[in-house]
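In my numbering, the protein residues as written are 329 to 692. Where is the CB? At the ideal position from N, CA and C, for every residue including glycine. Keep in mind the model is a prediction, meaning the values are calculated, not measured. Working notes, structure below.
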Amino acid sequence: MQEERKRILKMLEEGMITSQEAEELIDSIQYAEDVQENAGGEEDEHQSLSTKVKWDEKQEQKSYQSGSTKKRFMDFVEETIKKVKNVDFDLNFGQYFEVSHIFQNQGVSFSKVAMDIANGSIELKPWQEDDVRIECNAKVYQVNNQDEARERFMDQKQYHVDDESLSFSISSKKIKTNVILYIPEKSYKHMSLRLFNGKIQSHGFHIEDLHAKTANGKVEFENMSGSSWDIETSNGSITLKDVRLNEVEVESLNGSITLDGEFEKVDTQGVNGSIKCNWHGHHGHKGFFKTTAGSITVALPREFAVDGELKTSMGSINCNLPNFEIQEEKSEVLKKELRFRSKGEQAKPLHLEAEAKTGSITIN
């Protein structure tokens with residue numbers, strides 16, 4: 329895996345990743361080498377790591393009693409190697425020409441948005457106009473001149489807008505496109521934001537149904553609301569700040585998860601990274617938090633009644649909630665568990681489950 333290390337250093341030199349991200353990737357490659365060295369007696373499927381991203385494959389419902397730690401770790405190693413092998417487009421494709429282009433339509437009224445970019449970034453911004461404006465700044469690889477670059481960009485892009493929906497896509501990895509999408513500040517029924525390599529960010533929207541996924545990159549949403557959200561990244565952090573959501577499902581294989589807002593139901597899962605949740609408001613139905621290598625910290629409103637189950641293998645459990653009673657507790661060397669419930673008769677308590685393999689769990 330020496331070639332992957334060279335790519336990481338090249339990415340750092342070119343400013344594509346930070347020094348912290350480079351360190352995390354190199355550590356991940358070392359993990360992969362360690363696993364492969366110790367996997368001599370395993371089945372062949374554990375020694376051959378896939379490099380295909382199954383974008384359209386539906387995720388099965390997550391269960392905290394399904395899937396072993398070993399399988400999750402092998403999945404994490406697979407995703408890390410895929411990331412390093414596929415992300416370094418500047419190094420792989422060499423020379424490029426830059427292309428800037430703006431798409432704009434007036435008097436739009438759509439309620440659905442679909443963005444699918446292979447390489448680049450997506451940023452959604454609300455504005456007071458009734459128009460849609462898409463600002464594209466692209467690097468086009470493997471072309472001979474500026475005119476050919478612009479022609480390639482226009483040929484590869486797919487753009488459509490009508491009274492129902494807006495769709496924009498660039499499937500070629502040889503075009504790195506940073507997209508800023510300006511759309512009217514209003515409520516939207518559905519949004520699908522997908523990237524293979526790059527960051528997704530937005531603020532100030534109400535989106536009923538949101539699906540955001542990137543194989544490599546951060547996801548950041550601020551001051552937003554919605555009904556059902558599904559957010560995923562294989563390598564990168566996820567941050568939801570000042571949000572108001574009925575249900576949200578979040579997964580990051582390699583990166584931290586930070587949630588701050590009002591929720592009815594939260595389902596988060598990580599492999600290598602901490603999970604932090606500041607739960608506000610007066611309502612809450614269910615909260616599920618799980619990570620393999622990292623800590624879990626959940627802060628709840630004082631008025632919440634809670635029915636909780638906490639588990640960790642190598643960390644500690646700290647429950648600092650007021651007025652609760654312990655129903656079951658275990659404190660063995662490699663198995664710590666705490667089941668508790670708020671005292672008194674409380675209607676519909678928040679059901680909370682948190683599990684960490686190597687980190688601590690803190691409930692405040």
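Beta-bridge pairing of residue i - partner residues as DSSP gives them
| i | result |
| --- | --- |
| residue 429 | 464 |
| residue 619 | 598 and 684 |
| residue 540 | 521 and 559 |
| residue 451 | 508 and 529 |
| residue 442 | 495 and 520 |
| residue 488 | 495 |
| residue 478 | Paired residue(s): none; residue 478 is not in a bridge. |
| residue 635 | 669 and 679 |
| residue 588 | 569 and 606 |
| residue 580 | 561 and 598 |
Buried versus exposed call for residue i [16 or more other C-beta atoms within 10 Å across all chains shown]
| i | result |
| --- | --- |
| residue 447 | buried |
| residue 675 | exposed |
| residue 563 | buried |
| residue 291 | Shown here, the chain extends from 329 to 692; a query on residue 291 therefore has no answer. |
| residue 387 | A caution first: residue 387 carries a pLDDT of 38, below 50, which makes its placement in the model too unreliable to give a value. |
| residue 515 | exposed |
| residue 455 | exposed |
| residue 430 | exposed |
| residue 382 | The predicted position of residue 382 is uncertain, since its pLDDT is 39 and thus under 50; no value can be drawn from it. |
| residue 334 | exposed |
| residue 422 | exposed |
| residue 523 | buried |
| residue 336 | buried |
| residue 472 | exposed |
| residue 460 | buried |
Option nearest residue i by Cα separation, candidates the options
| i | options | result |
| --- | --- | --- |
| residue 634 | 622, 642, 624 and 649 | 649 |
| residue 490 | 675, 434 and 519 | 434 |
| residue 581 | 658, 601 and 567 | 601 |
| residue 644 | 637, 659 and 631 | 659 |
| residue 550 | 431, 688, 587 and 661 | 587 |
| residue 639 | 605, 672, 691 and 612 | 691 |
| residue 506 | 604, 519, 554 and 464 | 464 |
| residue 625 | 682, 468 and 494 | 682 |
| residue 517 | 524, 527, 529 and 535 | 535 |
| residue 547 | 354, 568, 504 and 632 | 568 |
| residue 425 | 559, 504, 544 and 647 | 504 |
| residue 686 | 540, 543, 663 and 493 | 663 |
| residue 537 | 554, 334 and 528 | 554 |
| residue 577 | 584, 565, 583 and 597 | 597 |
| residue 570 | 543, 513 and 530 | 530 |
| residue 630 | 641, 619 and 647 | 647 |
| residue 444 | 337, 661, 484 and 669 | 484 |
| residue 561 | 584, 552 and 575 | 584 |
| residue 557 | 544, 519 and 543 | 519 |
| residue 487 | 474, 599 and 432 | 432 |
| residue 669 | 641, 661, 632 and 684 | 632 |
| residue 604 | 657, 575, 618 and 540 | 618 |
| residue 552 | 666, 350 and 532 | 532 |
| residue 350 | 540, 475, 544 and 466 | 544 |
CB-CB length for residue i against residue j, believed under 8 angstroms
| i | j | result |
| --- | --- | --- |
| residue 628 | residue 607 | 5 angstroms |
| residue 458 | residue 436 | 7 angstroms |
| residue 678 | residue 609 | In fact, because the Cβ distance is near 11 angstroms, the residues do not count as touching under 8 angstroms. |
| residue 509 | residue 453 | 7 angstroms |
| residue 449 | residue 526 | 4 angstroms |
| residue 680 | residue 622 | 18 angstroms between Cβ atoms; not a contact. |
| residue 496 | residue 528 | Actually they are not in contact, since the Cβ atoms of residue 496 and residue 528 sit about 14 angstroms apart, beyond 8 angstroms. |
| residue 492 | residue 438 | 6 angstroms |
Cutoff 7 angstroms: residue i Cβ touching any chain D Cβ
| i | result |
| --- | --- |
| residue 689 | Here there is only one protein chain, and chain D is not present. |
Practice item. Answer yes if the segment 641 to 658 comes into contact with the segment 580 to 594, meaning at least three C-beta pairs across the two stretches below 8 angstroms, and no otherwise. Key: Between the segment 580 to 594 and the segment 641 to 658, the count of C-beta pairs closer than 8 angstroms stays below three; the two stretches do not touch.
Check your understanding: Is the segment 463 to 481 close to the segment 494 to 504, with three or more CB pairs under 8 angstroms?
Key -> Three or more beta-carbon pairs separated by less than 8 angstroms link the segment 463 to 481 to the segment 494 to 504, which places the two stretches in contact.
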